[in-house]
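Below: one structure, written as structure tokens.
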Amino acid sequence: MASESHVDLASLPADERLSRMRHSAAHVLAEAMVELIPGAELGIGPPIDTGFYYDFRLPRPLTQDDLEWLEKRMRQSIKRKHRFQMAGISRAEAEARWADQEFKLDLLKDIEDGSITQCTHAAFTDLCRGGHVNHTGEIPAFKLMSIAGAYWRGSEKNPQLQRVYGALFEDQAELDAYLERLEDARRRDHRRIGRDLKLFDLVDEIGPGHVVWLPAGATIRRELQRWIEDLELDRGYQHVVTPAVSKRELYVKSGHWDHFRDAMYPVMERDGEEYVLRPMNCPSHIMVYQSEQHSYRELPIRIAELGNMHRWEKSGQVQGMSRVRIMTLNDAHIFCAGIEQVESEVEGVLRLMEHVYGVLGLKDYTYRLSLGDPGDHEKYVDNPPMWERGEALLRRVLQKVGLSFYEAKGEAAFYGPKIDVQFQTASGKDETLVTVQVDFHFPEQFKLEYVSDEGGRERPIIVHRGVISTLERMVALLIEEYEGNFPLWLSPVQAIVVPIADRHVAYASEVADTLRALRLRVEVDDRGERMNAKIRDGQLRKVPYLLVVGDREAESAAAAVRVRGGADLGAMPIAAIAEKLRSERDTRALRPEGS
Ligand SMILES: [Zn+2]
Ligand SMILES: [Zn+2]
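FYI, my numbering numbers position 313 of the sequence shown as 363, with every residue one higher than the one before it.
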């Protein structure tokens with residue numbers, strides 16, 4: 051039980067070296083904290099991906115000033131190069147040392163006699179199993195970042211603690227790069243922009259993860275909805291509307307109840323029946339298929355719906371509009387006769403995706419072929435030939451369409467392999483936007499049939515697919531992609547007419563009416579504010595066009611055009627402005643022509 055021998059940090063793999071530095075910094079933070087607030091109760095202080103944290107129970111909430119004080123104090127300790135000394139201690143010693151530290155005593159219960167160790171640096175001693183640098187001087191570039199609430203051992207039943215986060219990297223340049231990425235993510239954060247532009251709200255009375263779409267956000271949603279539905283109609287999809295509530299039995303039959311129950315809202319009981327909010331639309335669309343007998347001539351049958359789904363995401367997971375509990379998926383199920391039809395349908399879906407993401411200007415995505423795991427019968431339906439067929443098929447189609455992709459074992463749906471579209475969020479996380487799945491399983495479960503050309507009964511194969519994902523996730527992604535500067539066709543307000551003085555309001559209204567006749571979304575800013583204030587407000591609202599009108603413009607049936615982002619096009623005839631905006635909208639241009 052001697053003190054830790056010297057560690058040659060340079061010889062360690064980078065992740066272990068960083069992990070030691072980060073964990074050691076957590077000790078130094080705790081050292082500073084007990085100096086700031088004597089009697090602070092200590093939780094745990096592990097390393098994390100970008101640094102470290104330490105949990106404390108404190109008699110008062112921490113402030114930004116506290117963080118600054120703590121950080122300064124930590125830098126002093128680092129300068130003094132205190133050695134980290136490990137020592138083994140008995141349970142009795144440990145219990146005496148941390149007699150007034152409830153959480154340390156709780157941790158002690160999980161440690162076997164004979165393996166209790168403590169770590170001392172300077173005058174501070176913590177219960178710890180090790181993994182430090184040699185002395186505090188080896189702690190490199192760090193910064194205390196934030197204070198958050200956290201429950202002891204992550205359970206809401208336990209006391210709430212204050213968690214102090216620190217960022218730590220091997221040198222200042224890496225730390226600066228990280229802080230810059232954070233700043234970029236903050237600037238793009240859909241929650242902040244969504245609030246500033248009044249796109250959506252999350253209301254405590256309604257519940258976490260239950261999005262309220264405000265008029266401006268609902269406008270974006272409606273435009274996306276109309277567009278994708280038209281694209282689907284062009285491609286032979288039929289839209290249906292099915293209920294969000296079904297009997298529990300339906301999901302028992304589909305297998306969702308077995309594989310997905312934890313993520314479902316609880317059962318509702320009425321008249322001796324059990325009902326649930328649907329977590330997925332597949333069974334509903336299977337009911338649509340089963341509503342009549344089908345012949346091979348009708349297949350493929352493409353059933354589509356902007357279907358709402360309900361998933362009880364854990365409270366820690368719920369986030370803005372990107373992780374919600376009630377969502378609307380641009381969903382479809384294609385019932386195919388035979389494997390060739392499946393191939394051409396999957397190909398059609400991939401081509402539709404490429405078209406849609408191209409129009410939206412999305413670039414940071416990759417295709418992932420998500421495979422099952424033949425060894426895991428807990429997670430996956432046990433049917434090896436089915437998995438092999440499905441996986442080979444998806445691989446073939448990806449290659450045929452010429453999309454680059456990577457393969458990932460153990461990422462499939464419980465009933466079959468899939469192609470996932472993986473996006474990078476503004477905060478750098480890799481997330482699945484939508485999937486395409488080939489499913490031999492549900493047709494079997496539900497005994498689906500069609501009449502073959504020889505008059506026999508055959509099982510169809512189902513292709514499950516989304517394209518624009520849930521409207522919630524897509525709009526969150528687009529907000530971050532565009533930083534709130536939506537292309538004209540998606541902009542909630544496409545132009546604001548700004549009268550220079552009160553006497554120009556009547557003409558401004560005429561201009562607005564002319565544009566509205568083309569179904570352009572136009573406002574007149576007739577508030578008694580100065581023109582410059584109105585222009586600034588329009589820019590803050592990220593409206594694509596501001597049309598300024600005064601005496602000269604009124605006389606010549608014109609408006610002075612200012613484009614979002616600064617370009618001043620000068621006076622243009624109203625007819626020309628109308629044509630410009632209409633064309634920019636109808637072509638779904640990402641930005642004004644020539645900018
Ligand atoms: Zn430690
Ligand atoms: Zn489905």
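Glycine is no exception: its CB is placed at the ideal position from the N, C-alpha and C atoms.
Ordered by chain, the residues meeting the criterion of a beta-carbon within less than 5 angstroms of a non-hydrogen atom of ligand 1 are C169 and C178. Under the three-state reduction of DSSP output, E224 falls in the helix class. Annotation: the continuous alpha helix (DSSP H) that includes K129 extends over Q114 to K129. Taken in chain order, the unbroken stretches of alpha helix (DSSP H) that lie wholly in the segment 383-424 and span 4 residues or more are 389-410.
When the Cα atoms are used, D105 and V214 turn out to be separated by approximately 7 angstroms.
Note that the C-beta distance between G466 and D489 is below 9 angstroms. Looking at the backbone, the Cα of E395 and that of E531 are separated by about 29 angstroms. Nearest Cα to W437 within the set R446, A90, Q449 and D423: D423. In the three-state scheme derived from DSSP, where H, G and I count as helix and E and B as strand, N582 is classed as helix. In the three-state reduction of the DSSP assignment, R638 falls in the coil class. For ligand 2, a non-hydrogen atom lies closer than 8 angstroms to the CB of D381. A distance of 9 angstroms or more separates the beta carbons of F310 and F174. In the structure shown, Y315 falls within a coil segment according to DSSP collapsed to helix, strand and coil. Note that the C-beta distance between M136 and T186 is not below 9 angstroms. Using a Cβ-Cβ distance cut-off of 8 angstroms, the segment 543-552 and the segment 562-571 are in contact, since at least three pairs of beta carbons, one from each stretch, lie closer than that value. Within the same chain, Cβ atoms closer than 6 angstroms to the Cβ of S372 are found at R523 and A526, the five residues on either side in sequence being excluded. Counting only residues whose CB is nearer than 5 angstroms to a non-hydrogen atom of ligand 2, the list in chain order is C332 and H514. Per DSSP, V326 lies in no alpha helix (DSSP H) segment; the continuous beta strand (DSSP E) that holds it begins and ends at E323 to L327. Under a 10 Å Cβ-count criterion, T475 is classified as buried, with 16 or more other Cβ atoms of the shown protein chains found around its own Cβ. Check the Cα spacing between P111 and each of R125, D163, L194 and G199: the tightest is with G199. Taking C-beta atoms under 8 angstroms as the contact rule, S296 and R347 fail to qualify, at a distance of about 30 angstroms. Here F455 has Y417, L419 and L448 as same chain residues with Cβ atoms under 6 angstroms from its own Cβ, once five neighbours each way along the sequence are excluded.
The segment 402-410 makes contact with the segment 510-519: 3 or more CB pairs, one atom from each, lie closer than 8 angstroms. Looking at the DSSP output, K297 shares a beta bridge with Y325. DSSP places K154 in no beta strand (DSSP E) but in the uninterrupted alpha helix (DSSP H) bounded by E152 to L158. In this structure, DSSP gives L597 an extended state, which the three-state scheme calls strand. Cβ atoms of D576 and V555 come within 8 angstroms of each other, at about 5 angstroms. Counting along the chain, no beta strand (DSSP E) covers H309; the unbroken alpha helix (DSSP H) around it starts and ends at H306 to F310. Boundaries of the alpha helix (DSSP H) around F492: H491 to Q495.
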